[in-house]
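Going down the list, the protein sequences come from chains A and B. For the first sequence, the working numbering gives the first residue as 1, with consecutive numbering after it. For the second sequence, the working numbering gives the first residue as 1001, with consecutive numbering after it. Beta carbons: idealized from backbone N, C-alpha and C, even for Gly.
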Amino acid sequence: MDNLNLNGNVPSGDLANKWTKYRSTLPLVAPNNKLKIEIIIVGTGLAGASAAATLGELGYLVKCYTFHDSPRRAHSIAAQGGINAAKNYRNDGDSVFRLFYDTIKGGDYRSREANVYRLAEVSTSIIDQAVAQGVPFAREYGGLLDNRSFGGVQVSRTFYARGQTGQQLLLGAYQSLSRQIALGNVKMFTRHEMIELVLKDGKARGIIARNLLTGELEKHGAHAVVLATGGYGNVFYLSTNAMNCNVTAAMRAVAKGAFMANPCFTQIHPTCIPQMGEYQSKLTLMSESLRNDGRVWVPAKKEDAKAIRDGVKTALDIPEADRDYFLERRYPAFGNLVPRDVASRAAKGVCDEGHGIVPTGLGVYLDFSAAIERYGKSKANILGLSNPSNAKIVELGEKVIEEKYGNLFEMYEKISGENPYKFPMKIYPAVHYTMGGLWVDYNLMTNVPGLFSIGESNFSDHGANRLGASALMQGLADGYFVLPYTIGTFLSEDISTPKLDVNAPEFTIAADLAKQRIDKLFAIKGKQSAESFHRRLGKIIWEYCGMSRSAEGLTLARQQVRALRDEFYADLYLPGVANDLNPELEKALRVADFIDLGEIMVVDALDRNESCGGHFREEYQTPDGEALRRDDEYAYVSAWEFKGADQDPVLHKEMLHFDNVELKTRSYK
Amino acid sequence: MKLTLKIWRQPSQNVKGKFETYSLDNVSEHMSFLEMLDVLNEKLSFEQKIPVAFEHDCREGICGTCSLVINGQPHGPLQGTTTCQLHMRNFKDGETIVIEPYRASAFPVLKDLSVDRGALDRIIQAGGFISVSTGQAQDANAVPIEKDVASHAFDAATCIGCGACVAACPNSSAMLFTSAKVAHLALLPQGKVEAQKRVLNMVRQMDLENFGNCSNITACEAECPKGISVSNIALMNREFLSASFSSNDAN
């Protein structure tokens, strides 16, 4: 394999002043020229909607695309827990540097220092912006904003809106976008899915979008293309992503030469509702914020665990002494708040040893009884009750818990049919977020000139593991405060480029390519549905490229993915026709891209002979089972160049340099 | 469980639709309603038939994409629950379930159970925002907001834009949807500045979109999966009335 070195185009200067200085010297596009420049934005989640709104405000001609019926449906809406910002409103020692440091460390030193520092720096402006838009963050009685501590950090820097922070932030961005649509600065294309990227003279100049209502393959041109198309967690089939989240836009870019970076860095979230059956279509996340008040445990005795699995005992039958609060035991300093990858692996470990508490064996408890008692006592104290009864304490405590997590508890009860105030929740890790994504430089531009990638769809800020409440932060940082500036570096060179002619041969060729792909799928006339292939792909990836990986398993996985691809193209059944609303065709096109991505993921995981963050290779662990990072050899970003499904992808490396932090072994003990 | 499903099939917007009957065996009570439809579609695919088009995405009750009128009720029988969060344990073995799209002239049927709810987006575009551009904001803690006021605004802001209120209303009114956004923004100090203009423009757009009027039946509140209160409609009426008398800057 080639070892071509990639350059992240990080500007010089000291870390703390780099962004401010760079921003002040970036080339600008004059207001009269902005009116002539078109930008395509694909996706309307936090990153896409915020970028579209902001670029519209700046005066660019923005065209925005979503496969949903409305831009408000993007899956950012489902984020529950919160958004980080280095406001230090709690006076607990937070700062931009500390947020930067926590994020770099949390990412297991596999992200780019300069990007992460910039993220921490603009985090404070995001909160200001959101509040001004009317985002109803939680407040204290004095009317000021409340914060909580979240997932793996020791300061309270997380802003939240009940358990619906993503919804409220997305609606804020959606409303700003709606304002620009009404003003005519953004043209919105709903029910349009990008299925091809158009290059002209090596630059991204447009997309082919399938009109999902009519099936028409439409040609859309622009001076630059921004992908804000989210992550690829659905490669696992079962994940906490929405059903329609997909990797097609990104993989279409990859097919045109964009590099896919660190695809094996996927995040398994520790607190999801365990799988119940084969028919299951998705997994539901229970916000990580619950770990602030919930204690994770399993029965210390295997026979108790078995009795619970068999329905003979319940959690309430297990005395305190026979409970193993395994996170508190193994990680006394951080306890239940260890980062996601650590918590997930620990849960898998105790279940593999036979302590699981659901019929499949794959589940642990998340218990709120201690928090209910603690809050109840505190509330009783405030109310001046002397000697309150236990029942009164529980009643008061449950009210506090309800106020904090009411909607999550309600959702849990709807899905599981069990009351989580009385019985501890049952949880198990599930795929939640993908740190990997399209490779971008400091300007958030991919290696294809004019093609940008923002939010979860790029690889840039979270390294090998993302900390809680930082996905919302990154999506909005990219969209509101980074891309609108950095896109000027590319566009300022293009002010005399005329409006793109969509009748140019490049567009026709791309549209023909898309049509051929669709025709090919219809021509198979096999027997199996796209969904069934997707489910099988998910099983392979989860088994061999999930919470723990080995060279042997990954090698096998690659063979299986390839065999599945052959079977897909030989035996797919596709109902309906191309020129119609046809959800099965949409699915089949996405599954085809997931299969190609799945192979690149496996190849990446096989290349990375170390354990770091969400990537745990069984061969590389310390004697007590913790991840063993190998900084000398693997402190790089792997960026894969796709050479076609029948060939090996080519590895390009961006070496990571750490001038401001010392590479340490993460320890949460 | 064994079920009989009567499902509305309509090939496209301009073609007349009708009910088709399907039977489905081996439905687990732990399935969600949409997973049950997935199983049906998988079965139809195996039989080389056209699967039923229905809209869905997050399957955790927050994106507002799923809809359906199930046995006459938008989002089905369980209160405060979207179709995707509805589980089959709420139905009986042997039951016949009637599944239709939302019925409202402002929501034309696109195919089978999918409808076009773009009118709701256009109501937001007419004024459902605070006019602040990126970078204009002051420090987030500069304006304290009383906790109860913030909480009240939040209750209105939890609307997921699914349109069940419209489907539930005999007049196909979008008053609950519109008033939830009016209330959310009018209650907050940031939103008060353009409150008059907002309510006038949003109500005007609502009327343009062919939604009916409110006649205080309150079926919208009963069927709303997020429990949005009809008191928002009262608030909107108050806002609208006072804006109509005192403002001359609609648009």
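Item, Value
"Is the distance from the Cβ of V131 of chain A to the Cβ of A1140 of chain B below 8 angstroms?", "yes"
"Taking DSSP's pairing of strands, which residues face I1070 of chain B in a bridge?", "B:Q1073, B:I1099"
"Assuming N211 of chain A is part of the beta strand (DSSP E), what are its boundary residues?", "203-211"
"I'd like to know whether the C-beta of M1206 of chain B is nearer than 8 angstroms to at least one C-beta of chain A.", "no"
"Please classify P429 of chain A: does DSSP put it in a helix, a strand, or coil?", "strand"
"From the DSSP secondary-structure annotation, give me the bridge partner or partners of C272 of chain A.", "A:L285, A:Y428"
"Using the Cβ count rule (16 or more neighbours within 10 Å means buried), how would you classify I382 of chain A?", "exposed"
"Under the three-state reduction of DSSP, which class applies to F1019 of chain B: helix, strand or coil?", "strand"
"Could you tell me whether any Cβ in chain B is nearer than 8 angstroms to the Cβ of M1 of chain A?", "Residue placement at M1 of chain A is flagged as unreliable, the pLDDT there being 41, under the threshold of 50; a coordinate-derived value is accordingly withheld."
"By the DSSP assignment, the alpha helix (DSSP H) with V364 of chain A in it spans what residues?", "Looking at the DSSP string, V364 of chain A is not in any alpha helix (DSSP H); the run it does join, the beta strand (DSSP E), is 364-367."
"On the three-pair Cβ rule with 8 angstroms, is the region 535-552 of chain A touching the region 496-514 of chain A?", "no"
"Among residues of its own chain, excluding the 5 on either side of V400 of chain A, which ones have a beta-carbon nearer than 7 angstroms to its beta-carbon?", "Y375, K379"
"In the region 46-70 of chain A, which residues sit with their C-beta less than 8 angstroms from some C-beta in chain B, listed in chain order?", "S50, A53, T54, E57, H68, D69, S70"
"Taking only three categories from DSSP, how would you classify Y636 of chain A?", "strand"
"Can you confirm whether the region 197-204 of chain A touches the region 158-172 of chain A when touching is taken to mean that 3 or more C-beta pairs between the two stretches lie within less than 8 angstroms?", "no"
"Which of the residues in the region 111-143 of chain A, read from start to end, lie with their CB under 7 angstroms from any CB of chain B?", "I127, D128, Q129, V131, A132, Q133, G134, P136, R139, E140, Y141, G142, G143"
"Roughly how many whole angstroms lie between the Cα atoms of Y428 of chain A and C64 of chain A?", "37 angstroms"
"Answer with yes or no whether the minimum CB distance from V1015 of chain B to chain C is below 8 angstroms.", "The structure shown contains no chain C; its protein chains are A and B."
"Between A346 of chain A and L327 of chain A, how many whole angstroms is the CB-CB distance? I'm expecting something under 8 angstroms.", "6 angstroms"
"Relative to chain B, which residues along the region 170-181 of chain A have a C-beta separation below 8 angstroms, given in chain order?", "L171, Y174, Q175, S176, S178, R179, I181"
"Looking at the structure shown, is M1 of chain A part of a helix, part of a strand, or coil, going by DSSP?", "At M1 of chain A the pLDDT is 41, less than 50, meaning the model places this residue with poor confidence; the figure from the coordinates comes in the next sentence. If DSSP states are grouped into helix, strand and coil, M1 of chain A belongs with coil."
"Under 6 angstroms Cβ to Cβ from Q534 of chain A, same chain only, skipping five residues before and after it: list those, please.", "Contrary to the premise, residue 534 of chain A reads as His rather than Gln in this sequence. So the list reads Y237, V591, once near-sequence residues are dropped."
"Is it buried or exposed for D949 of chain B, if we count other Cβ within 10 angstroms and need 16 for buried?", "Look at the range of chain B in this structure, 1001 to 1251, and you will see that residue 949 of chain B is not part of it."
"Can the beta-carbon of E633 of chain A be found closer than 8 angstroms to that of G8 of chain A?", "no"
"Does the separation of the CB atoms of I268 of chain A and G546 of chain A fall below 8 angstroms?", "yes"
"Quick one: is T20 of chain A near chain B, going by C-beta distance under 8 angstroms?", "no"
"Can you look up T44 of chain A in the DSSP assignment and give me helix, strand or coil?", "coil"
"Within this structure, are the beta carbons of L290 of chain A and L408 of chain A separated by less than 8 angstroms?", "yes"
"With 8 angstroms as the C-beta to C-beta threshold (strictly closer), list the residues of the region 475-493 of chain A near chain B in chain order.", "Y480, F481, P484"
"Specify whether the region 1190-1208 of chain B and the region 1128-1142 of chain B touch according to this definition: at least 3 beta carbon pairs, one from each stretch, less than 8 angstroms apart.", "yes"
"Between I1124 of chain B and chain A, is the shortest Cβ-Cβ distance under 8 angstroms, so that the two count as touching?", "yes"
"I want to know whether the region 181-192 of chain A touches the region 483-498 of chain A - three or more CB-CB distances under 8 angstroms.", "no"
"Ends of the alpha helix (DSSP H) at V247 of chain A?", "Careful: V247 of chain A lies outside any alpha helix (DSSP H) and carries neither H nor E."
"Closest to T1178 of chain B by CA distance: which of B:I1070, B:Q1190, B:A1119 is it?", "B:A1119"
"Pick helix, strand or coil for E218 of chain A, following the three-state DSSP scheme.", "strand"
"Name, going along the chain, the residues of the region 1045-1059 of chain B whose beta-carbon falls closer than 8 angstroms to a beta-carbon of chain A.", "S1045, F1046, Q1048, K1049, I1050, P1051, A1053, E1055, H1056, D1057, C1058, R1059"
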